[in-house]
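Enquirer:
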Amino acid sequence: MPTVAFTPHLQHYLPVAPVPCRSLILRALLDEAFAAYPAGRLYVLDEQGRVRRHIAIFVDGMLQDREKLDIPLRPDSSIYIMQALSGG
(Lines of atoms letter the chains of each structure in order from A and count residues from 1; the text may use other names and numbers.)
(Lines give C-alpha, C1' and ligand atoms only; values in the text may rest on other atoms or scores of the structure.)
Protein backbone atom coordinates (compact mmCIF):
# COMPACT_ATOMS: atom_id res chain seq x y z
CA MET A 1 0.00 0.00 0.00
CA PRO A 2 1.26 3.54 -0.70
CA THR A 3 2.83 5.52 2.11
CA VAL A 4 2.91 9.25 2.70
CA ALA A 5 5.64 10.93 4.73
CA PHE A 6 5.96 14.54 5.81
CA THR A 7 9.06 16.64 6.36
CA PRO A 8 10.04 17.00 10.02
CA HIS A 9 9.39 20.75 9.67
CA LEU A 10 5.66 19.91 9.62
CA GLN A 11 5.78 17.79 12.79
CA HIS A 12 3.57 20.27 14.68
CA TYR A 13 0.75 19.40 12.27
CA LEU A 14 1.55 15.95 10.90
CA PRO A 15 3.43 12.77 11.86
CA VAL A 16 7.05 12.40 10.81
CA ALA A 17 6.84 8.61 10.40
CA PRO A 18 5.42 7.35 7.07
CA VAL A 19 1.66 6.80 7.11
CA PRO A 20 0.31 3.81 5.16
CA CYS A 21 -2.76 4.58 3.04
CA ARG A 22 -5.07 2.44 0.91
CA SER A 23 -5.91 5.02 -1.77
CA LEU A 24 -4.36 4.64 -5.23
CA ILE A 25 -5.15 8.18 -6.43
CA LEU A 26 -3.02 11.03 -5.02
CA ARG A 27 -5.97 13.30 -4.10
CA ALA A 28 -7.76 10.44 -2.32
CA LEU A 29 -4.55 9.49 -0.52
CA LEU A 30 -4.19 13.06 0.77
CA ASP A 31 -7.82 13.03 1.94
CA GLU A 32 -7.18 9.72 3.71
CA ALA A 33 -4.03 11.00 5.44
CA PHE A 34 -5.65 14.27 6.50
CA ALA A 35 -8.70 12.46 7.90
CA ALA A 36 -6.34 11.09 10.54
CA TYR A 37 -4.44 14.40 10.93
CA PRO A 38 -6.90 17.25 10.19
CA ALA A 39 -4.62 20.00 11.55
CA GLY A 40 -2.26 19.39 8.63
CA ARG A 41 -4.89 19.75 5.91
CA LEU A 42 -5.03 23.56 5.96
CA TYR A 43 -1.25 23.80 6.11
CA VAL A 44 -0.83 21.69 2.95
CA LEU A 45 -4.08 22.48 1.08
CA ASP A 46 -5.98 25.75 0.72
CA GLU A 47 -9.72 26.16 1.30
CA GLN A 48 -10.45 24.95 -2.26
CA GLY A 49 -8.38 21.78 -1.78
CA ARG A 50 -5.44 22.99 -3.89
CA VAL A 51 -1.84 22.46 -2.83
CA ARG A 52 -0.47 25.65 -1.32
CA ARG A 53 2.41 27.41 -3.10
CA HIS A 54 4.86 26.76 -0.27
CA ILE A 55 4.34 22.96 -0.42
CA ALA A 56 6.05 20.44 -2.71
CA ILE A 57 4.73 16.89 -3.23
CA PHE A 58 6.96 14.12 -4.56
CA VAL A 59 5.63 10.78 -5.79
CA ASP A 60 8.28 8.09 -6.14
CA GLY A 61 10.96 10.78 -6.13
CA MET A 62 9.37 12.94 -8.85
CA LEU A 63 8.06 16.44 -8.13
CA GLN A 64 4.34 16.59 -8.90
CA ASP A 65 2.42 19.41 -10.53
CA ARG A 66 0.37 20.91 -7.69
CA GLU A 67 -2.56 21.37 -10.09
CA LYS A 68 -2.78 17.65 -10.97
CA LEU A 69 -3.69 15.62 -7.91
CA ASP A 70 -5.83 13.04 -9.68
CA ILE A 71 -2.85 10.93 -10.72
CA PRO A 72 -2.79 7.17 -10.17
CA LEU A 73 -0.39 5.64 -7.67
CA ARG A 74 1.23 2.23 -7.58
CA PRO A 75 0.57 -0.01 -4.57
CA ASP A 76 4.20 0.54 -3.51
CA SER A 77 4.33 4.30 -4.19
CA SER A 78 6.08 6.61 -1.74
CA ILE A 79 4.72 10.12 -1.36
CA TYR A 80 6.79 12.80 0.37
CA ILE A 81 5.41 16.21 1.30
CA MET A 82 7.69 19.08 2.22
CA GLN A 83 7.91 22.83 2.26
CA ALA A 84 9.02 24.17 -1.11
CA LEU A 85 12.47 25.74 -1.09
CA SER A 86 12.95 29.25 -2.37
CA GLY A 87 15.48 31.98 -2.09
CA GLY A 88 17.63 34.31 -4.01
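Mapped onto this note's numbering, the consecutive letters of the sequence shown carry residue numbers 3 to 90.
Beta carbons: idealized from backbone N, C-alpha and C, even for Gly.
#1: Buried or exposed for Pro4, please, with buried defined as at least 16 other CB atoms from any protein chain shown within 10 angstroms of its CB.
#2: Using 8 Å for Cβ pairs, my map puts Pro17 next to Tyr39. What's the rounded Cβ distance?
#3: Beta-carbon within less than 7 Å of Asp62's beta-carbon, same chain only, minus the 5 sequence neighbours each way: which residues are those?
#4: Are the Cβ atoms of Asp67 and Arg29 separated by less than 7 Å?
#5: Considering just the uninterrupted stretch of the alpha helix (DSSP H) at Tyr45, what are its terminal residues?
#6: If you count every other CB in all the chains shown that lies within 10 Å of the CB of Leu32, and 16 or more means buried, which is it?
#7: Starting from the N-terminal side, write out each stretch of the beta strand (DSSP E) that is 3 residues or longer and does not extend beyond the stretch 52 to 79.
Expert: So, to answer that:
#1: buried
#2: 7 Å
#3: Ser79 and Ser80
#4: no
#5: Pro40 to Val46
#6: buried
#7: 57 to 61
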